[in-house]
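**Q**
Number of protein chains: 2
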Amino acid sequence: MLTVNPPKRFLFGPGPTQVADRVYDAMRQPIVGHLDPYFFEVVQDIQKGLRTAYGTANDFTMAISGTGSAGMEAAITNFAEPGSKFLVFNAGYFADRMCDMGARHGAQVVRADKPWGEWFTDEEVREIILREQPATVGFVHAETSTGVLQDGTAICKAAHEIGALVIADCVTSLGALHIGVDEMGIDIAYSCTQKGMSCPPGLSPITVSPRAMDRLRARTSTPDIWYLDLKLLDTYYGQAHRYHHTAPITTFYALKEGLALMNEEGLDNRIARHLDMHKKFVAGVEALGLKMNVPDPSRRIPNLNTVVIPEGVDDLATRKQLLNEYGIEISGGFGPLAGKIFRVGIMGPLATEEKLAFFFDAFKKVLGK
Amino acid sequence: MLTVNPPKRFLFGPGPTQVADRVYDAMRQPIVGHLDPYFFEVVQDIQKGLRTAYGTANDFTMAISGTGSAGMEAAITNFAEPGSKFLVFNAGYFADRMCDMGARHGAQVVRADKPWGEWFTDEEVREIILREQPATVGFVHAETSTGVLQDGTAICKAAHEIGALVIADCVTSLGALHIGVDEMGIDIAYSCTQKGMSCPPGLSPITVSPRAMDRLRARTSTPDIWYLDLKLLDTYYGQAHRYHHTAPITTFYALKEGLALMNEEGLDNRIARHLDMHKKFVAGVEALGLKMNVPDPSRRIPNLNTVVIPEGVDDLATRKQLLNEYGIEISGGFGPLAGKIFRVGIMGPLATEEKLAFFFDAFKKVLGK
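Going down the list, the sequences are from chains H and Z. Heads up, the first sequence is in the working numbering, so the first residue is 8 and it goes up one at a time. Heads up, the second sequence is in the working numbering, so the first residue is 8 and it goes up one at a time.
1. Against chain Z, with Cβ distances strictly below 7 Å, would H/D359 count as a contact?
2. Decide if H/D303 is buried, meaning its Cβ has at least 16 other Cβ atoms within 10 Å, or exposed.
3. Taking beta-carbon pairs under 7 Å, can you tell me which members of the region 111-131 of chain H lie near chain Z?
4. Quick check on this structure: which residue in Z/F349, Z/T253, Z/E361 and Z/K327 has the alpha carbon closest to the alpha carbon of H/G78?
5. Using a Cβ-Cβ cut-off of less than 9 Å, list which residues of the region 150-161 of chain H approach chain Z; keep chain order.
6. If the cut is a Cβ gap below 8 Å, which residues of chain H does Z/K15 touch?
7. Once the 5 residues before and after H/R133 are set aside, which same chain residues still bring their CB inside 7 Å of it?
8. Cα separation between H/M69 and H/T258?
9. Chain H partners of Z/K347, CB-CB under 9 Å?
10. Could you tell me which of Z/S180, Z/V50, Z/H185 and Z/H281 sits nearest to Z/A261, measuring between CA atoms?
11. Taking the alpha carbon of H/E360 as the point to measure from, which residue in H/A98, H/G62, H/M105 and H/H281 has its own alpha carbon closest?
12. Chain H beta carbons: is any one of them nearer than 7 Å to that of Z/D231?
13. What's the C-alpha gap between H/M269 and Z/H112?
14. Cα separation between H/H390 and Z/D241?
15. State the Cα-Cα distance for the pair H/L274 and H/Q328, rounded to the nearest angstrom.
16. Against chain Z, does H/G342 count as a neighbour if the rule is that its beta carbon must be under 7 Å from one of theirs?
17. For Z/E80, which three-state DSSP category applies?
18. Below 6 Å CB to CB, which residues in the same chain sit around Z/F288 once its five sequence neighbours on both sides are set aside?
19. Could you tell me whether the region 338-357 of chain Z touches the region 20-33 of chain Z, where touching means 3 or more Cβ pairs closer than 8 Å?
20. Taking C-alpha atoms, which residue in Z/R104, Z/I335 and Z/V315 lies nearest to Z/K372?
21. Answer with buried or exposed for H/K55, where buried requires no fewer than 16 other C-beta atoms within 10 angstroms of its C-beta.
22. Could you tell me which uninterrupted beta strand (DSSP E) segments, each at least 3 residues in length, are contained entirely in the region 49-103 of chain Z, listed from first to last along the chain?
23. At what residue ranges does the region 226-289 of chain H contain a whole run of the alpha helix (DSSP H), taking only runs of 4 or more?
24. Within the continuous alpha helix (DSSP H) that includes H/L323, where are the two ends?
25. Quick check on Z/E150: does DSSP put it in helix, strand or coil?
26. Could you give the residue range of the alpha helix (DSSP H) that holds Z/L363?
27. What is the DSSP secondary structure of Z/D176, reduced to helix, strand or coil?
28. Would a check of beta-carbon distances place H/H248 closer than 7 Å to chain Z?
29. Can we say the region 170-190 of chain Z touches the region 229-237 of chain Z, given the rule of at least three CB pairs closer than 8 Å?
30. Taking Cβ positions only, does Z/S72 come closer than 7 Å to chain H?
31. Helix, strand or coil for H/A171, going by three-state DSSP, please let me know.
32. For Z/N312, list the residues DSSP reports as bridge partners.
33. Contact between the region 96-103 of chain H and the region 206-222 of chain H: three or more CB pairs below 8 Å?
34. Exposed or buried, what is Z/K263 when buried is set at 16 or more other beta-carbons lying within 10 Å of its beta-carbon?
35. Rounded to a whole number of angstroms, what is the C-alpha to C-alpha distance between H/V5 and H/F366?
36. Does the beta carbon of Z/H252 sit closer than 7 Å to a beta carbon anywhere in chain H?
Right, dumping it as structure tokens:
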């Protein structure tokens, strides 16, 4: 008898989020070897699907065999070289983690700091980039810790003027909102599978521009992480099909199926659905007399909503009650936002009017409204 | 309609190997959040099961969110410190990879080299360790590239006499043969899920002795890999339950179920079954007039057999025919053993008389015997 017997959850947190049934069915399929011709068919389908989701023609588009954080570290160990200047626009937890990783890998990290929950204007990023003259710039497209969306267009433009590469954290944006990697000018983007892609966690989709690949190929030092060395990974997933590590086959099946679902719905329709549900969520929150944490609607991440916890409401008790009585998971804030916000993801199979109604019904009861 | 539609394979290679049906059923179960109380129950069950499989009482026993190679790199980045001497007993591909990783992370790597397929005697390891006085010693318990089993007892004894830690690669041994981490004296052992554990790839079980944990806690420099920093991982999987990364929930379900299956069969019975099938495999191979690559039976890995390819037999064509006509995957050799050996895993659900008969029936036909 099966020993795994999880409680039924409605994953309204920032991730992992609800997984589509067809993705689970895909994971039930028997594995093949990591060098099997069928596995490389799956890899190619994933590459094609990810190019659509990211909005890129980048040849080097693949999935790293680790979670989103492994994708972040892959970007940094390969592109923020030891001794080189790595500028990070930092207004939240995940940008801060980029700085931590950059320092570990020996880059000269320069932080452009703002309080958590703020963002950088086009003028600010331009001025800082031109002044600092970094080799690599990092920013977080959708900062999950604060709910803020940071447009990267001006960052990429200024960075390219001085020959710098741009790394974008798209962990929360991929699959749920428009990124447009090529249009924005991002050189390296990484993400995860358990948010906008509606798959379980375990892989980190990554895409690298030809310009960044040129710099990587010209790099003389070896990245310190063997497991995340993109030149080695290219010999595995690329034409050579040379053994590197044993890819997590089942998790690749899941991502292939998740991308197929996205393709069937149509990326634009999917993005529109998430935006529509976001607007309805905000309306619902405001109808309860609550406030969104990001005041400017155009700066909000549509699929990850941060709501100010009103006076007198206990963060932990509220979340516990939602989980225990309704099976609903939402998250709290952390760092300077601990106890101050709820983080509510409306994504994938839960981004429907019916599920939103279910959420608000429970949320109201727990808040005593 | 499901787009994932893999061909049916019999995974008789070194790994990934055949997955038990119940493990697939476990992966079909809905995920919970990475900080959900149920997830930590799963983590605890996994820790308990891994302690049994490894033969250890180590408190720090967990699964790394990456494949076996990530486990190797976790061991090295945490325990082969920059500038310190890291001695590796090297007679195969995976020991060679340990050296590569050690150098990337700044350790002073000292290689004790032998030709692929050989092993080190008790006298040799003792002499080398006492002469080199390393801070950390690495060896591969079951060298998948050659089929050789390297006993680590003398390595651990000599290393501990000089205060060195021992890292053991148990990627191919865990779950299929006796390791006895505490009995042998191993300080850090890592493995994978897709060989002796009969699960899909995706996690790397790791265990660390209290002595090694003391050295890690006393370490003043930060390991260069954030994703694999064991002190950070300890705050996630340990009592604090502090967010580090989003663990691949489904892959944890798989490992929990795989360990439950092992527990139901009994580890000793499971080891005996693999040994029994190994002996029958060797008898079958010899009956065909073929030779095992490792001459001494006591030095063979029971669950991973290396067979010398006889004169006139085409490596690639044979493997292609087995795959295409019978759905049977076996592997070839690589490095100096490319084209010279077949690598045949008899593990988990395929380690039965019936499956062995099925294998030999196809193997004979393809060899024209």
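Don't be surprised by glycine CBs; every beta carbon is placed ideally from N, CA and C. Because the structure is a prediction, the values reported are computed rather than measured.
**A** In terms of the structure at hand:
1. First, the residue type needs correcting, since residue 359 of chain H is Thr and not Asp in the sequence shown. Judged by the 7 Å Cβ criterion, H/T359 is not in contact with chain Z.
2. Under this definition H/D303 is an exposed residue.
3. R111 and H112
4. Z/T253
5. none
6. P37
7. A161 and A165
8. 13 Å
9. The contacting residues do not exist; Z/K347 stays about 17 Å from chain H at best.
10. It is Z/V50.
11. H/H281
12. yes
13. Roughly 40 Å separates the two Cα atoms.
14. Past the boundaries of the shown model lies residue 390 of chain H; chain H is included only from 8 to 376, so the question cannot be answered.
15. 35 Å
16. no
17. helix
18. N312 and I353
19. yes
20. If we check each option's Cα against that of Z/K372, Z/I335 comes out closest.
21. exposed
22. 67-71 and 92-97
23. 237-244 and 256-272
24. For H/L323, the enclosing alpha helix (DSSP H) starts and ends at D322 to Y333.
25. strand
26. E360 to L374
27. strand
28. Chain Z, which has no Cβ nearer than 7 Å to the Cβ of H/H248, makes this no.
29. no
30. yes
31. coil
32. Z/V351
33. no
34. Burial of Z/K263 is indicated by the presence of at least 16 other C-beta atoms within 10 angstroms of its C-beta.
35. Residue 5 of chain H lies beyond the range of chain H shown here (8 to 376); nothing can be said about it.
36. Z/H252 has a beta carbon lying within less than 7 Å of a beta carbon in chain H.
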